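Working notes, beginning with the structure itself.
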Amino acid sequence: MLLDVKGISKSFGGVKAIQNFSLTAEKGDIIGIIGPNGAGKTSAFNVISGVYTADEGTILLDGKNITKMEQYQITREGISRTFQNIRLFKGLTVLQNVMCAFDPLSKYSILGGLLPTPKRISEERKGRKMCEHYLEVVGLLPYKDERPENMAYGLQRRLEIARAIACEPKVLLLDEPAAGLNPTEVKDLTELIERLSKDFGFAILLIEHRLELVMGVSQKIYVLNFGKTIAVGTPDEVRENPEVIKAYLGEEEKKC
Amino acid sequence: MEFISSVITFTLISIISVIGVYILTGLTGMFSLGQASFMAIGAYVSGALVVKTGMPFWMAVIIAIIISVMIGFIVGFPTVRLRRDYISLVTLGFGEAITSLLNQTQSITGGALGFSGIPKRTTLLLALISAIVCIIFASYFKTSKYGRQCIAVKSDELAAKAMGINISRIKMTAFLISVAVTSYSGALYAFYTTYVDPSIFGWKKSAEWAIMVFFGGVNSLTGSIFGTVILTALPEVLRFAAAYRVVFYSILVLLIINFKPSGLFGEYELPVGKIIKLFKGGRKEEKGNAA
Chain A
-5 MLLDVKGISK SFGGVKAIQN FSLTAEKGDI IGIIGPNGAG KTSAFNVISG VYTADEGTIL
55 LDGKNITKME QYQITREGIS RTFQNIRLFK GLTVLQNVMC AFDPLSKYSI LGGLLPTPKR
115 ISEERKGRKM CEHYLEVVGL LPYKDERPEN MAYGLQRRLE IARAIACEPK VLLLDEPAAG
175 LNPTEVKDLT ELIERLSKDF GFAILLIEHR LELVMGVSQK IYVLNFGKTI AVGTPDEVRE
235 NPEVIKAYLG EEEKKC
Chain B
124 MEFISSVITF TLISIISVIG VYILTGLTGM FSLGQASFMA IGAYVSGALV VKTGMPFWMA
184 VIIAIIISVM IGFIVGFPTV RLRRDYISLV TLGFGEAITS LLNQTQSITG GALGFSGIPK
244 RTTLLLALIS AIVCIIFASY FKTSKYGRQC IAVKSDELAA KAMGINISRI KMTAFLISVA
304 VTSYSGALYA FYTTYVDPSI FGWKKSAEWA IMVFFGGVNS LTGSIFGTVI LTALPEVLRF
364 AAAYRVVFYS ILVLLIINFK PSGLFGEYEL PVGKIIKLFK GGRKEEKGNA A
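Protein chains in written order, with my numbering: chain A, -5 to 250; chain B, 124 to 414.
Structure, rendered in C-alpha cells:
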C-alpha cells in the first residue's frame, strides 16, 4: 500500500471539517474526490499534506507514519500538492519557481551561497536541467524566463503542477486543477494528468468540480458531504448511487 | 577633501549595514527594528577587545562577528518559528535592551558618555574593499538556492512549505547572515570614528536602513545600494538648508513611496555579467581588427 489514510478527523472549534476519512492508493492510481462546496475535500488534502495535523487517525506513506510530521518533511517524504487558489512565488521567474522544489535538496553549503564554488555551479546546473525537464513535461519550457504573474491563468495552473512534480512525489495531490479553465484547457489538462500518471507512476489524488474531468480519468471516486464519506466506487457506481444524487441534487419531495 | 573622504567612508559603511537589511527585509520579508543593536555589538566588542586586551584588529573583528551571530541565534531561535511580524517586535525589544545595557554598564562601556580611545584603523580603502566584497557576497546569495528560498518564503510561506522548504531554517540563515554583515559594519564604524556611544544604535537607525531599502527598491540589491547612497549623501549636500533638510528628506521619501511603491529601481538589477561580457567581447573584436 503506497498511501494509507486511516480514519482521519479534523475539527475547527465546533465545525467538524472532516470526519473519519479513510482512503487507500496504490502506485499509478488516479483517485477522484468530489462533493459539494464545504464538504471537506480541501481539508482532507490539508491534513494529508501536513498543513493541519489530524486530531485523530493515522496516515501511512509506504508504511511510514507521517501523521505528525511537519509540512515540509511530508513533502520530502513524497507527498506534494497544488493549491485551489494558485500560489506561485512572485518575484521569481517560471524556472526559478520550479527550482524552489529542488533547492531544499541541493547539496551545497553556505559558502556556495556566497561564492560560485565548483560544487555550487555543478549542483545549480543539475537542478536547472531537471527543472527544465519538468517544465517541458507540462509544456512550459518556452516560458521559463517569464514572470508567472504575467502568464495566462491556464499556464499558471500548469506551472503549479510542474512545481509539484519537481518535488519528486510518490503521491501527487491536485486541488481543483481545472478551476477557471475553459473547455479546451480542461481537455489538455485531462491529457496531461493521464500522461503524468503513466510516465511517472505516482498516485494522483484529484479534487475536482468538473465532473467530466474527474469521471473521465479516475479509477475510483470518493464522495464527501459535510465532512463524511458518503460513497466510494468506480465512476459508474458513484453516478448511480442514490446518496450521491441526493447530495448533489437534493432530495425529491415526498408527494402527499 | 577630508570632509568628502569622511562622507564617502560613512556612506560605504552604511552600504554594508544596508546589505544586511536587504538580505533580511528585501529578500526574506522580515523586519528587524533592532538591527542597529547588532552594529552596536560589533562596534563595542571589537573596540573593547582592542582597547582592553590589545588584541590585533582583525582578530577582534572576527570575534565580534562570531559573538554577534551567537547572540543573533539566541534572539532568532524562538522568533523565526512565529509569524513574521513578531520578529519586528522581538528585535525592537532586544535592540532597546542592548542600548540601555550599554548605558548601564558604565565601567566597561563608558555608559552614556560613550566608549573612546579606539585606534583608527578603518580607511577609505578598507571601507571600499569591504563594501565591494559584501556586495559580491549579497549578489551571489540572491541568485543561490538560499536566495530563491528566501524570496519564496517572503512571497508565500504556505506554498514554500509545500515545496519542502524548511522555512524556520531559511529565515534563520538569512537573519544570521544579515547579523554578521551588520556587525562587521559596526566594527568598521567604531574603528573609523574612534568613539561610539549607545544613542546612535537605537531603533531609529534600524528604521532608517529599512527606509533606504524601500526607497531604492525592496526587491533590488542595486536599488538598495543607490537608496543608501542618495539618502546618506543628501543630508550632507543639503547642509546649506540647515533645519529644512529633514523636510526635504521626508518629502523625497514620501514622493517615492507614493508614486513608485516598489522603490526607485523596482526589481531592476545592474546586469554585471552582461557588462563584463560586453567588455570581453569588445576586446576580442579589437584583437580581430588588429589581426
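The beta carbon of each residue, even a glycine, is placed where N, CA and C say it ideally should be. Given the structure is predicted, the values throughout are model-derived calculations rather than measurements.
Just the C-alpha distance for Gly244/A and Val9/A, rounded to the nearest angstrom, thanks.
If you number the first sequence from 1, residue 244/A lands on position 250. If you number the first sequence from 1, residue 9/A lands on position 15. Computed Cα separation, rounded: 22 Å.
Counting only runs of 4+ residues fully inside the segment 322 to 385 of chain B, write out the alpha helix (DSSP H) ranges in chain order.
326 to 339, 344 to 360 and 368 to 382
DSSP state of Ala146/A, grouped into three classes?
Here residue 146/A corresponds to residue number 152 of the first sequence, with the count starting at 1. Here Ala146/A sits in coil by DSSP.
Exposed or buried, which one is Gly7/A when buried takes at least 16 other CB atoms within 10 Å?
Taking the first sequence and counting its residues from 1, one reaches residue 7/A at position 13. Its Cβ having fewer than 16 others within 10 Å, Gly7/A is exposed.
If you scan the segment 112 to 169 of chain A from start to end, which runs of the beta strand (DSSP E) of 3 or more residues do you find wholly inside it?
165 to 169
Runs of alpha helix (DSSP H) wholly within the segment 152 to 215 of chain B (minimum 4 residues, chain order):
158 to 176 and 180 to 202
From this set, Phe314/B, Ala297/B and Leu375/B, which residue's C-alpha is nearest Ala166/B's C-alpha?
Stepping through the second sequence from its first residue, residue 166/B is reached at position 43. Among Phe314/B, Ala297/B and Leu375/B, the Cα nearest to that of Ala166/B is on Phe314/B.
Determine whether the Cβ of Gln78/A lies closer than 8 Å to any Cβ atom of chain B.
In the first sequence, residue 78/A corresponds to position 84, counting from 1. Gln78/A does not count as touching chain B.
Determine, for Val45/A, whether the minimum Cβ-Cβ distance to residues of chain B falls below 8 Å.
By 1-based counting over the first sequence, the position of residue 45/A is 51. So yes, Val45/A belongs to the interface.
Cβ-Cβ distance between Thr252/A and Gly210/A below 8 Å:
Only positions -5 to 250 of chain A appear in the structure, and residue 252/A is not among them; the question remains open.
Around the C-beta of Met(-5)/A, are 16 or more other C-beta atoms found within 10 angstroms, so that it is buried, or is it exposed?
The residue labelled residue -5/A in the question sits at position 1 within the first sequence. Under this definition Met(-5)/A is an exposed residue.
Please determine, among Gly309/B, Leu248/B and Lys243/B, the residue with the shortest C-alpha to C-alpha distance to Phe161/B.
Against the second sequence, residue 161/B aligns to sequence position 38. Of the candidates Gly309/B, Leu248/B and Lys243/B, the one whose C-alpha sits nearest the C-alpha of Phe161/B is Gly309/B.
To be precise: take each residue of the segment 88 to 114 of chain A, compare its Cβ to all Cβ atoms of chain B, and keep it if any distance is under 9 Å. Which residues remain?
Gln90, Asn91, Met93, Cys94, Ala95, Phe96, Asp97, Pro98, Leu99, Ser100, Tyr102, Ile104, Gly106, Gly107, Leu108, Leu109, Pro110 and Arg114
Output, in chain order, the set of chain A residues within a Cβ distance shorter than 9 Å of Gln229/B.
On the second sequence, position 106 is the one that residue 229/B refers to. Neighbours of Gln229/B on chain A: none; closest Cβ ~38 Å, over 9 Å.
Is Ile223/A near Glu140/A, with beta carbons less than 8 Å apart?
Here residue 223/A refers to the residue found at position 229 when the first sequence is read from its first residue. Here residue 140/A refers to the residue found at position 146 when the first sequence is read from its first residue. Residue identity differs from the one stated: residue 223/A is Thr in this sequence, not Ile. Cβ atoms of Thr223/A and Glu140/A: not closer than 8 Å.
On the DSSP letters alone, give me the boundaries of the alpha helix (DSSP H) that Ile288/B sits inside.
Residue 288/B sits at position 165 when you count from the first residue of the second sequence. Ile288/B -> no alpha helix (DSSP H), and no H or E assigned at all.
Could you give the first and the last residue of the continuous beta strand (DSSP E) run that contains Arg75/A?
Translated into the one-based positions of the first sequence, residue 75/A becomes position 81. From DSSP, the beta strand (DSSP E) with Arg75/A extends over Ile73 to Arg75.
Of all Cβ atoms in chain A, is any one closer than 8 Å to the Cβ of Ile274/B?
On the second sequence, residue 274/B is found 151 positions in, with the first residue counted as 1. Yes, Ile274/B lies at the interface with chain A (some Cβ there is under 8 Å from its Cβ).
What residues in its chain sit with their C-beta under 6 Å from that of Gly411/B, if we drop five residues either side in the sequence?
Here residue 411/B corresponds to residue number 288 of the second sequence, with the count starting at 1. Unreliable positioning characterises Gly411/B in this predicted model, as indicated by a pLDDT of 46, which lies under 50. A coordinate reading is not provided.
Let me confirm a value: Val173/B is counted as buried when at least 16 other C-beta atoms fall within 10 Å, else exposed. Which label applies?
For the purposes of this step, residue 173/B is identified with residue 50 of the second sequence, where counting begins at 1. When all chains shown are included, Val173/B counts as buried.
Assigned secondary structure, Leu218/A (DSSP; H/G/I helix, E/B strand, else coil)
If you number the first sequence from 1, residue 218/A lands on position 224. Reduced to three states, the DSSP call for Leu218/A is strand.
Applying the 10 Å Cβ sphere with the 16-neighbour rule, what's the burial state of Val396/B?
Position 273 of the second sequence, counted from the start, is the residue given in the question as residue 396/B. In the sequence on display, residue 396/B carries Gly and not Val. So Gly396/B counts as exposed.
Tell me the DSSP secondary structure of Ser212/A in three-state form.
Within the first sequence, residue 212/A is the residue found at index 218, counting from 1. If DSSP states are grouped into helix, strand and coil, Ser212/A belongs with coil.
Helix, strand or coil: which one does DSSP assign to Ala303/B?
Numbered from its first residue, the second sequence carries residue 303/B at position 180. Looking at Ala303/B - three-state DSSP - the assignment turns out to be helix.
Near Val376/B, what residues of its chain come up, given a Cβ to Cβ distance below 7 Å and the 5 sequence neighbours on each side ignored?
To locate residue 376/B, count along the second sequence from 1; it is residue 253. Within the same chain, Val376/B has close Cβ partners Ile334 and Phe338.
Going by C-alpha distance, which of Val92/A, Gly22/A and Leu55/A is nearest Lys214/A?
As a first step, residue 214/A must be located in the first sequence, where it is residue number 220. Of the listed residues, the one whose Cα sits closest to Lys214/A is Gly22/A.
C-alpha gap between Ala235/B and Ile164/B, whole angstroms
Position 112 of the second sequence holds residue 235/B. Position 41 of the second sequence holds residue 164/B. C-alpha separation (whole angstroms): 15 Å.
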